[in-house]
Structures are given as structure tokens and as C-alpha cells.
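Let me begin by presenting the structure, written as C-alpha cells, before commenting on it.
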């Protein structure tokens, strides 16, 4: 069996509505979780940018060069502010126009009479793109080089993501374990640092304060591609918890 | 009266927990809304990056150069994975160490006995930084050049943001108007494009599909620093709504 390697991705959220604070993004955590769980791909950077062509082009080029995959969301609908497809084409200097298969899919879905100019726009994209089929509302996403372009509406995006899977090289899955403790971070910070040092390069240990049941607590999250290393870290953490007599909320 | 100019900002979210999808970010929309409403500052880019020093340094330098202000969130607590302060210092080549005033604030808050090494770490930052006072949990944020560093916990960040105001140059506020219509985007896409063309440079018109009360709808959001121009756009939009006999959900 070929040993799996680390595979990474970036997410590019395209849309004034997210940037202005009007809309709360829901796609980042969905895509990131899905990629890790299903494909062993780790998201290493997210950018949110406005509906401005030169900004989209610049970011597509930059992220495409620096990461194995790029997932864009938003800007592939029928209105004037949907400019992702033309921007991707420009970024890679490929022809932008009607995609034959996408055109057929949409024409069939709407019927010839209702297939107006707005709807036809959704068949325009890099003409050589591979399609990401859309079981919710027909209009497909598309793959150009290592860039996967998906819609911004979370329910539609969620229904399409499985169709990306066959195009992705699978990497090392990152597993995680969480202990939720009733303590403050500064009570365990030296111990966490020393455990992190011991497992350097193999495990990432994160510490996140929370407020629950009227009490302050800390979630200690360990992440690693090795389950054995995670188990060892958990054992070391439990020693600290016992020696400091810290109450556990959940493991 | 001096005429206000456009002032922009970027947000840099620092934290593996957001990137991995474990935690849903709440700070982006809060900061973006607050900046526009209170200071007339428009957020033009958001990046989410991991707790990796060289990545933080690179992004701080890049965003600080390209935007009027940068707001970082996360990584200023007491644990080993909190490396924002040292990274900001490195990015600007300024001295990192105990900040005298921050040290005093924290020593007073915890009392000399409970002021342990973990807590002392929160007084370490660029030594010449201006402080952003923290009414919730004492540990201050800090300002280095045009970079404002805030904590990641939303309730604490929210309580501190007003203390940034006096350090910010106020810009042109962007106003917005929304019409929620029961229609599909492709039914109005040509008309929206033509209105957008008419008010090019003055108004940004965005179109966002929604699903409510079991029906499909479209939110048309117009954004501009000119209230008059917004009113004109609304009039033009209402003409389209009437001529197409579209039902309005809300204005």
C-alpha cells in the first residue's frame, strides 16, 4: 500500500455579503471538516474577498500556486455580481464561454422556454472545465486546474460536495481528541507547553477557553495523523489533570 | 468640515481551531459591522491562518502594507499556542518583552501571589505597543503600527472593541438598503445589471437567494456612501418589482 502524504487546500470565499458582515459564513467549517474527514485534506488558509474581478484573479493565482487544491464559494449564479467563472478563466488564461455539457444540463432542467439569458449565464465558465454536478438546483460547479468552484448558498454547496471526491487525491487524515476541563488556561499552560514540546512535529495541541454552566473552562484539543501519538498525549494530559485535581467536564 | 475619505481594513483570524472547522468564527461579522457603523471603515479582506509564526509574520507584513488597518484576533492568551504578540513584534522588527503598563494591569488584577508565569506571558508583547484595555478579563490587546491585536474569545473581543475607536481615523460610512422579494434571481438579473450599470462607481448592488416560508426569494442589497444615490436605486428597483408583479416579503 502506498503511504499517504499530507495534502492541503485553501478556501476562497468570494462575496461582499460575507465581508460586510451582513451574512455569517457557514461554508468554511463545513468544507474544512468534510475535506479532512473524507479526503484527509487539511485546510491551511482561508481568504474572504469582495466581488472584484482583479482581486479574484490575483487570489486564485496565488492560492492555486501555493496549495494542492483551492475551493472557491460564491459568485456562480445568474446575476451581474456573479463573476467567479469569468475570473477563474482569466486567472488561468483559458477560454470563457458556454460549457456544452453545462448548457445541456440547464436547458433540460428549465425547459427550452424558461431557459432565459440569466439562466444561460450559469452555463458560462472555462469551456474546458470539469463539472461538479448539482443535485439541488442543476447549475453545476466546475473544476479548473486545481481550483474547485462551488456556489455560496450552504444547502446547495452541501449537496454538491460529495461530487468533488473522485477528483481529489486523498491525504493523511488528521484525528483529534478533546478534553474539556474546569480550570483556567494559566493553571496548565506550562504543562501543556512541555507536552507540546515532547510531541513536537507529531501532535498539535491547542488550548481554548470556554464559558459553560456559569463556569470558566478550557478545551484542550490534540490533533495528529497518528492515533497512537494522540493516545500518548491523552495519557500525559490525564496525569496533569490528576496531579492538579482538575474537574473534567467531558472527554 | 473636512471631507471624509474611504478608509479600509483587513481582518486576520489566527487559529487552528477556526481553520480546522472545529470552531465557527463569530468575530468577522462583528468586527466588520462595528467598523463600518462606528468608524466608516470598510473591511476589504479577511484571512484565516494557522498558529504558525512564519505564516503570521508574512501575513501581518502583507496586510499591514496593503490596508489602512489590520485587526488580528486570537493567539494572545497564556498558552504555548498563543504566539500572536511575538509574531507581530517580529513582523515589525520591534522589541518583544514585558510591556510595563500591561504587566502592572495584570499584576493588580490577579494579585501578586496568583500572577504566575502563564499569566505573565500575557504582558509580553511589542514593548512600545499602545494598549487596548480589556474590561472583561484584564489582559489587554495592543496596537503596533496599524495593526490592532485582539483576543479570539468573542465575548471578550466585543467588550474591548470600543477602546479601539479613539485610535482610528474615521472614513466614509457605507449605508445599505435591502429589498426581499419572492422571485428567482434569473427573473430580475438583466434589470439588476442595468441598474448597477447606471449607478456604477456609486452604488454596489448585490443579489442573494434565500429560502423562507417554503418559498424561494432574492435579497437585493444596495450599498453606498451616498444616501441619495441609494434612494434613487430603490426607486428604480421598485419600478422593476411593479412591472414584473413581484411579491415583496419586506423592505
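Residue numbers (this note's numbering), protein chains in the order written: chain A, 155 to 405; chain B, 155 to 405. No residue lacks a Cβ here, since even glycine has one placed at the ideal position from N, Cα and C. All values reported here derive from a predicted model rather than from experimental measurement.
Taking Cβ-Cβ distances below 8 Å as the criterion, which residues of the region 289–301 of chain A are in contact with chain B? none
Under 8 Å: do the region 264–284 of chain B and the region 334–346 of chain B share three or more Cβ pairs, one atom per stretch? no
Short of 8 Å Cβ to Cβ, which residues in the region 353–368 of chain B face chain A? 358, 359, 360, 361, 362, 363, 365
To the nearest whole angstrom, what separates the beta carbons of residue 184/B and residue 308/B, a pair I think is in contact under 8 Å? The sequence position of residue 184/B within the second chain is 30, counting from 1. The sequence position of residue 308/B within the second chain is 154, counting from 1. That belief holds up - the Cβ atoms of residue 184/B and residue 308/B are roughly 7 Å apart, short of 8 Å.
Is it right to say residue 377/B is buried, meaning 16 or more other beta carbons lie within 10 angstroms of its own, or is it exposed? Position 223 of the second chain, counting from 1, holds the residue named residue 377/B. Buried.
Between the Cα of residue 355/B and the Cα atoms of 230/B, 383/B, 332/B, 370/B, which residue gives the shortest distance? One-based indexing of the second chain puts residue 355/B at position 201. Here the closest residue by C-alpha is 383/B.
Which of the residues in the region 301–325 of chain A, read from start to end, lie with their CB under 7 Å from any CB of chain B? 307
According to DSSP, is residue 378/B helix, strand or coil? Here residue 378/B corresponds to residue number 224 of the second chain, with the count starting at 1. Reduced to three states, the DSSP call for residue 378/B is strand.
Would you call the region 237–247 of chain A in contact with the region 255–273 of chain A, where contact means no fewer than 3 C-beta pairs closer than 8 Å? no
Counting contacts by CB-CB distance shorter than 8 Å, is residue 245/B in contact with chain A? As a first step, residue 245/B is located in the second chain; it is residue number 91 there, counting from the start. Taking Cβ atoms only, chain A never reaches closer than 8 Å to residue 245/B, which makes this a no.
Going along chain B, which residues have a C-beta under 8 Å from residue 195/A? Locating residue 195/A in the first chain gives position 41, where the first residue counts as 1. None at all; the shortest Cβ gap to chain B is about 12 Å.
First and last residue of the uninterrupted beta strand (DSSP E) at residue 199/B: One-based indexing of the second chain puts residue 199/B at position 45. Segment 195–203, the beta strand (DSSP E) holding residue 199/B.
In chain A, which residues lie with their C-beta within 8 Å of the C-beta of residue 390/B? Mapped onto the second chain, residue 390/B falls at position 236. What residue 390/B touches in chain A: nothing, since even the nearest Cβ is about 14 Å away.
Out of curiosity, what's the CA-to-CA distance linking residue 197/A and residue 164/A? Position 43 of the first chain, counted from the first residue, corresponds to residue 197/A. Position 10 of the first chain, counted from the first residue, corresponds to residue 164/A. Answer to the nearest angstrom: the Cα atoms are 5 Å apart.
At 9 Å on the CB atoms, spell out the chain B contacts of residue 201/A, in chain order. Translated into positions along the first chain, residue 201/A becomes position 47. Simply 199, 200, 201, 202.
Under 7 Å Cβ to Cβ from residue 360/A, same chain only, skipping five residues before and after it: list those, please. As a first step, residue 360/A must be located in the first chain, where it is residue number 206. Answer for residue 360/A: 375, listed in chain order.
At which residues does the alpha helix (DSSP H) containing residue 336/A begin and terminate? Indexing the first chain from 1 puts residue 336/A at position 182. It is not in any alpha helix (DSSP H) - residue 336/A instead sits in the beta strand (DSSP E) that spans 329–336.
Is there a C-beta anywhere in chain B that falls below 8 Å from the one on residue 163/A? Position 9 of the first chain, counted from the first residue, corresponds to residue 163/A. Chain B contact via Cβ: absent.
Just to confirm before moving on: does the CB-CB distance between residue 162/B and residue 204/B stay below 8 Å? For this step, residue 162/B is matched to residue 8 along the second chain. For this step, residue 204/B is matched to residue 50 along the second chain. No.
With 16 other Cβ atoms within 10 Å as the buried cut-off, status of residue 272/B: Numbered from its first residue, the second chain carries residue 272/B at position 118. Residue 272/B should be labelled buried.
If you count every other CB in all the chains shown that lies within 10 Å of the CB of residue 238/B, and 16 or more means buried, which is it? Indexing the second chain from 1 puts residue 238/B at position 84. Residue 238/B is buried by the Cβ-count criterion.
Could you work out which residue in 380/A, 333/A, 386/A is closest to residue 400/A when comparing CA atoms only? Stepping through the first chain from its first residue, residue 400/A is reached at position 246. Looking at the Cα atoms, 333/A is the closest of the given residues.
Euclidean distance between Cα positions of residue 257/A and residue 182/A: On the first chain, position 103 is the one that residue 257/A refers to. On the first chain, position 28 is the one that residue 182/A refers to. Cα to Cα, the separation comes out at about 29 Å.
Against chain B, does residue 347/A count as a neighbour if the rule is that its beta carbon must be under 8 Å from one of theirs? Stepping through the first chain from its first residue, residue 347/A is reached at position 193. Yes, because at least one Cβ of chain B sits closer than 8 Å to the Cβ of residue 347/A.
Out of 331/A, 227/A, 365/A, 179/A, which one is the CA nearest neighbour of residue 386/A? Translated into positions along the first chain, residue 386/A becomes position 232. It is 331/A.
Cβ of residue 377/A less than 8 Å from any chain B Cβ? For this step, residue 377/A is matched to residue 223 along the first chain. Output row for residue 377/A: interface = yes.
Would you tell me roughly how many angstroms separate the C-alpha atoms of residue 326/B and residue 306/A, rounded to the nearest one? Numbered from 1 along the second chain, position 172 holds the residue referred to as residue 326/B. Numbered from 1 along the first chain, position 152 holds the residue referred to as residue 306/A. Taking the straight line joining both Cα atoms gives about 28 Å.
Would you mind working out which of 404/A, 178/A, 221/A sits nearest residue 416/A, comparing C-alpha positions? Summary: the structure shown does not reach residue 416/A, with chain A confined to residues 155 through 405, and so no result is reported for it.
Minimum C-alpha distance to residue 304/B - residue among 158/B, 167/B, 159/B, 160/B: Stepping through the second chain from its first residue, residue 304/B is reached at position 150. Measuring from the Cα of residue 304/B, the nearest candidate turns out to be 167/B.
Please state the DSSP three-state secondary structure of residue 305/A. Residue 305/A sits at position 151 when you count from the first residue of the first chain. Residue state, collapsed to three classes: coil.
Assign residue 223/A to buried or exposed, taking buried as 16 or more other Cβ atoms, counted over all protein chains shown, within 10 Å of its Cβ. Here residue 223/A refers to the residue found at position 69 of the first chain. Residue 223/A is buried by the Cβ-count criterion.
Given residue 405/A, which residues of its chain have a CB within under 7 Å of its CB, disregarding the five upstream and five downstream residues? Position 251 of the first chain, counted from the first residue, corresponds to residue 405/A. Contacts found: 333.
Could you check how far apart the C-beta atoms of residue 200/B and residue 201/A are, in whole angstroms? I think they sit under 8 Å. Here residue 200/B corresponds to residue number 46 of the second chain, with the count starting at 1. Here residue 201/A corresponds to residue number 47 of the first chain, with the count starting at 1. Contact flag correct, Cβ pair sits at about 7 Å.
Buried or exposed: which applies to residue 367/B, given that a residue is buried once 16 or more other Cβ atoms fall within 10 Å of its Cβ? In the second chain, the residue the question calls residue 367/B occupies position 213. Exposed.
Could you tell me the alpha carbon to alpha carbon distance between residue 397/B and residue 233/A, rounded to whole angstroms? One-based indexing of the second chain puts residue 397/B at position 243. One-based indexing of the first chain puts residue 233/A at position 79. Whole-angstrom Cα-Cα distance: 19 Å.
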